[in-house]
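So the sequence shown is residues 43 to 661, counted in the working numbering.
Report on the following structure.
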Amino acid sequence: MQRIFPGSLPVGPQKTGPAIWRFTVWAPNCKCLDLLLDASGVTVPMEPLPGGYYTAEVSGLADGARYWYVLDGETRRADPASRLQPDDVHGPSALVDADAFAWTDAAFAPPPPDRRVYYEIHVGTFTPQGTFDAVIDRLPHLRALGVTCLELMPVAQFPGGRNWGYDGVFPFAASAAYGGPAGLARLVDACHGAGLAVVLDVVYNHLGPEGNYLRDFGPYFTDRYRTPWGEAVNYDGPGSAAVREFFIQNALSWLRDFHIDGLRLDATHAIFDQGPVHVLAELAGRVADWRARAGRQAFLVAETHMNDPAVITDAAAGGMGLDGVWNDDFHHAAHALLTGERRGYYADYGSRDDLLLAMADGFAYADRASPFFGHVRGRSAAHLPADRLVNCIQNHDQVGNRARGERLVSLVGPAAARVAAALLLLSPGSPLLFMGEEWGETQPFLYFISHLDAGLVDAVRKGRKKEFASFRWRGAVPDPFDVATFAASRLDWDKPAAPGHAAMLAWYKALLALRAASPALCETRRERTKVWPLDGLGALAMERRGADGRFLVLCNCGKRAARVSVGASAPGRGYARACDSDEARFGGAGALLPGRLAATFTLPPLRAVVYKCEEGFGA
């Protein structure tokens with residue numbers, strides 16, 4: 043493994059021979075460190091090394107053997123780089139042979155950037171069983187739908203069996219509740235066999251509050267900065283070189299040991315680093331080096347509300363070199379326009395012009411004053427390939443961080459939800475779906491926890507209520523600790539075959555098939571897309587141009603019909619209707635717009651229609 047600073051070492055247990063393991067941990071806060079083998083009770087003194095590291099090599103250990111570190115002869119702690127926590131966050135670590143799995147995916151390559159269609163799931167609520175293996179049974183559905191990347195919410199070990207994953211405290215350990223590292227490997231291998239890439243959500247801005255014992259080992263955190271979750275991770279203070287290495291090694295371990303294709307980096311705006319090279323740029327460089335050595339493809343996608351194009355600008359051009367970024371502006375603009383919500387961060391949105399900006403340029407807020415944030419926000423990303431912005435109309439945050447977890451279709455109805463789907467799947471950018479969205483799932487997605495500390499549970503309950511104050515949502519906030527809250531968030535897999543839901547699924551499949559077959563609808567050059575308003579209210583048009591010609595997408599996001607004109611087409615060389623959201627097969631009433639585009643016509647409310655330029659018109 044490449045070393046980024048003198049004295050850095052691979053952390054965690056490494057198998058060096060048959061039944062031989064080398065244990066390495068960074069623990070500069072300790073004067074001495076021992077390895078305690080849980081089954082036998084044998085204690086092995088660890089050798090101190092320069093830079094605050096300790097190491098020991100032990101023979102005669104089988105996979106699955108449990109162990110502890112004993113700090114200064116007194117305190118037992120699990121390994122910060124544990125690969126498995128079979129007895130939850132307060133129990134011992136267990137050995138995992140990273141090379142034991144028999145992979146069958148040597149021929150797989152992830153889709154190119156312009157063909158990425160993400161599908162985000164929470165493993166625990168995606169199926170009734172809530173395991174990695176149960177997800178495998180649903181891969182045929184995802185293939186038939188037309189998505190190309192399965193995105194997993196965080197799976198790093200968290201306390202209890204119910205959690206979104208952002209309270210993880212063992213970044214290297216796949217959750218035992220989901221099936222542990224063996225289950226994750228089986229899922230990734232099966233995804234690759236089905237032609238799906240796998241993206242994993244990882245959290246490098248904080249660790250959860252329960253079972254987080256890193257402070258006992260070293261200065262992993264700093265009070266120089268504050269995050270919404272407390273102290274920040276120490277990426278630029280004393281001891282930060284080893285901390286940076288810890289998390290970079292974690293990222294590389296997911297790519298190397300589990301064949302993960304991409305990482306989604308949670309809330310990178312809460313990763314503070316004033317050093318000469320930002321840790322995100324360092325991470326991107328290390329991943330690029332690993333790709334070159336391993337001959338594998340891998341990509342990094344950031345979540346940030348900063349609207350900073352430097353994050354997704356190539357390193358050679360002075361940027362951080364990440365491959366993509368979640369685009370909140372697209373979601374917020376579409377959501378506010380269709381729902382009419384204007385509270386909280388939706389106060390910055392609501393105009394059709396916000397949506398047009400997000401569709402045309404990527405960010406709606408670029409060098410523009412934000413009333414919610416209270417300052418000028420963002421820079422333009424219009425010069426960058428459109429695929430670097432990941433757009434959505436729903437995701438775990440935007441659904442689950444509502445007081446009652448309502449999905450978009452529950453707020454606006456099926457007709458408006460079909461319009462939103464057309465905006466998402468036919469606009470420039472990489473679309474992301476949230477599990478169940480494609481069939482109009484009405485089960486909520488709520489916030490849930492299973493912390494073992496009663497005081498922490500109470501604090502989370504109070505914190506959730508306080509968080510929703512600015513939105514002024516009515517009704518009681520479901521108890522995040524109640525098992526019923528978790529159960530209510532499970533997908534209902536009977537719905538895709540039910541009337542109405544099957545029709546919504548057909549709409550999503552039709553749009554994704556249209557996108558997959560069309561270079562124009564996957565075009566990443568923003569100059570090949572034109573958007574404009576069609577009336578004084580909520581109607582808009584979008585033209586997409588590419589190697590297969592032109593598409594015209596007409597959407598009415600308002601509740602009133604719009605009399606519109608999109609320009610006359612010469613006889614025999616005009617636009618023919620490709621699909622209409624009011625077709626009966628999609629759940630509409632069947633009152634279709636003209637088969638051939640007319641110069642002037644009425645666009646009904648909450649309607650989306652796609653016209654394709656006939657052959658000979660040119661691109």
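Think of the CB as a built atom: it goes at the ideal place given N, C-alpha and C, for glycine as much as any other residue.
These figures come from a predicted structure and were not determined experimentally.
Smallest Cα separation from residue i: which of the options?
| i | options | result |
| --- | --- | --- |
| valine 245 | Gly272, Asp308, Leu192 | Asp308 |
| leucine 33 | Phe212, Ala239, Arg266 | What the structure shows of the chain is the stretch from 43 to 661, and residue 33 is not part of that stretch, so it cannot be assessed. |
| leucine 364 | Glu324, Met401, Leu398 | Glu324 |
| alanine 376 | Leu398, Met362, Asp356 | Leu398 |
| alanine 6 | Ser412, Leu450, Ala344 | Past the edges of the chain, shown from 43 to 661, lies residue 6, and the structure says nothing about it. |
| serine 492 | Glu448, Val502, Thr484, His417 | Val502 |
| cysteine 597 | Ala457, Arg587, Glu483 | Ala457 |
| phenylalanine 37 | His347, Asp356, Tyr617 | Absent from the structure is residue 37, since the part of the chain shown begins at 43 and ends at 661. |
| glutamate 273 | Thr264, Gly281, Phe259, Pro280 | Thr264 |
| threonine 310 | Glu656, Asp370, Arg268, Asn247 | Asn247 |
| threonine 269 | Asp371, Leu297, Ala239, Ile313 | Ile313 |
| alanine 340 | Phe487, Leu498, Pro182, Ala239 | Ala239 |
| arginine 338 | Val525, Asp370, Asp299, Thr381 | Asp299 |
| arginine 419 | Ala459, His320, Asp370 | Asp370 |
| leucine 554 | Arg568, Pro575, Ala526, Ala464 | Ala464 |
| threonine 146 | Thr190, Trp481, Arg228 | Arg228 |
| cysteine 74 | Leu113, Gly382, Gly235, Arg506 | Leu113 |
Would you kindly report the start and end of the unbroken beta strand (DSSP E) that includes residue i?
| i | result |
| --- | --- |
| proline 575 | 571 to 575 |
| leucine 192 | 191 to 194 |
| lysine 57 | 54 to 59 |
| glycine 272 | 272 to 275 |
| proline 92 | Proline 92 -> no beta strand (DSSP E), and no H or E assigned at all. |
| glutamate 162 | 160 to 163 |
| tryptophan 332 | Not the beta strand (DSSP E): tryptophan 332 falls in the alpha helix (DSSP H), residues 321 to 336. |
| alanine 400 | Looking at the DSSP string, alanine 400 is not in any beta strand (DSSP E); the run it does join, the alpha helix (DSSP H), is 394 to 403. |
| histidine 417 | 417 to 419 |
| aspartate 265 | 263 to 269 |
| proline 213 | 212 to 216 |
| arginine 627 | Neither: arginine 627 is in no beta strand (DSSP E) and is coded neither H nor E. |
| valine 441 | Per DSSP, valine 441 belongs to no beta strand (DSSP E); it is in the alpha helix (DSSP H), 438 to 442. |
| alanine 408 | From DSSP, alanine 408 is part of no beta strand (DSSP E); its letter is neither H nor E. |
| threonine 66 | 62 to 68 |
| leucine 342 | 341 to 345 |
| serine 607 | 604 to 607 |
What are the partner residues of residue i, as DSSP defines its beta bridges?
| i | result |
| --- | --- |
| histidine 234 | Paired residue(s): none; histidine 234 is not in a bridge. |
| phenylalanine 288 | Paired residues: none, contrary to the question. |
| phenylalanine 593 | Arg586, Lys654 |
| proline 243 | According to the sequence displayed, residue 243 carries aspartate and not proline. DSSP, once it has assigned bridges, lists Arg306 as partnering aspartate 243. |
| proline 473 | Asn433 |
| leucine 75 | Leu113 |
| serine 492 | In DSSP, serine 492 forms no bridge with anything. |
| alanine 198 | Ala216 |
| cysteine 621 | Val652 |
| serine 295 | Partner(s): none; serine 295 has no beta bridge. |
Assuming residue i contacts residue j (C-beta within less than 8 Å), just tell me the rounded distance between them.
| i | j | result |
| --- | --- | --- |
| tryptophan 368 | valine 329 | 18 Å between Cβ atoms; not a contact. |
| tyrosine 489 | tryptophan 271 | Not quite, the Cβ-Cβ distance comes to about 14 Å (not below 8 Å), so this is no contact. |
| aspartate 156 | valine 241 | With a Cβ gap of about 16 Å, aspartate 156 and valine 241 do not count as contacting. |
| tyrosine 663 | asparagine 349 | For residue 663 there is no data in the structure shown, the boundaries of the chain being 43 and 661. |
| proline 647 | arginine 619 | With a Cβ gap of about 18 Å, proline 647 and arginine 619 do not count as contacting. |
| glutamate 99 | arginine 64 | 5 Å |
| arginine 180 | threonine 169 | 6 Å |
| threonine 85 | leucine 91 | Rounded, the Cβ-Cβ distance is 19 Å, inconsistent with contact. |
| glycine 404 | alanine 424 | 6 Å |
| alanine 633 | valine 608 | Their Cβ separation, rounded to whole angstroms, is 19 Å, which puts alanine 633 and valine 608 out of contact at 8 Å. |
| glycine 616 | aspartate 624 | 21 Å between Cβ atoms; not a contact. |
| alanine 402 | glycine 471 | Incorrect: roughly 11 Å between the Cβ atoms, too far for contact. |
| phenylalanine 593 | valine 652 | 6 Å |
Considering just the uninterrupted stretch of the alpha helix (DSSP H) at residue i, what are its terminal residues?
| i | result |
| --- | --- |
| leucine 256 | 256 to 259 |
| tyrosine 550 | 543 to 559 |
| alanine 457 | 456 to 468 |
| histidine 374 | 370 to 381 |
| isoleucine 178 | 174 to 178 |
| threonine 642 | First-last for threonine 642: 642 to 645, but that is the beta strand (DSSP E), not the alpha helix (DSSP H). |
| phenylalanine 528 | 525 to 530 |
| alanine 186 | 181 to 187 |
For the region 130 to 143 against the region 184 to 203, do three or more pairs of beta-carbon atoms, one drawn from each stretch, fall closer than 8 Å, so that the two count as touching? Cβ pair count under 8 Å is three or more, so yes.
So, do the region 550 to 567 and the region 519 to 539 have three or more beta carbon pairs nearer to each other than 8 Å? No: the two stretches stay apart, fewer than three of their Cβ pairs being nearer than 8 Å.
Assess contact between the region 248 to 266 and the region 117 to 125, defined as three or more Cβ pairs (one per stretch) separated by less than 8 Å. Is contact present? Because the criterion of three Cβ pairs below 8 Å is met, the region 248 to 266 and the region 117 to 125 touch.
Could you say if the region 134 to 141 and the region 89 to 109 meet the contact criterion of at least three C-beta pairs nearer than 8 Å? Contact holds between the region 134 to 141 and the region 89 to 109, because three or more Cβ pairs, one in each stretch, are under 8 Å apart.
Check whether the region 466 to 485 touches the region 548 to 558, taking contact to mean three or more Cβ pairs, one atom from each stretch, closer than 8 Å. Verdict: yes, contact present.
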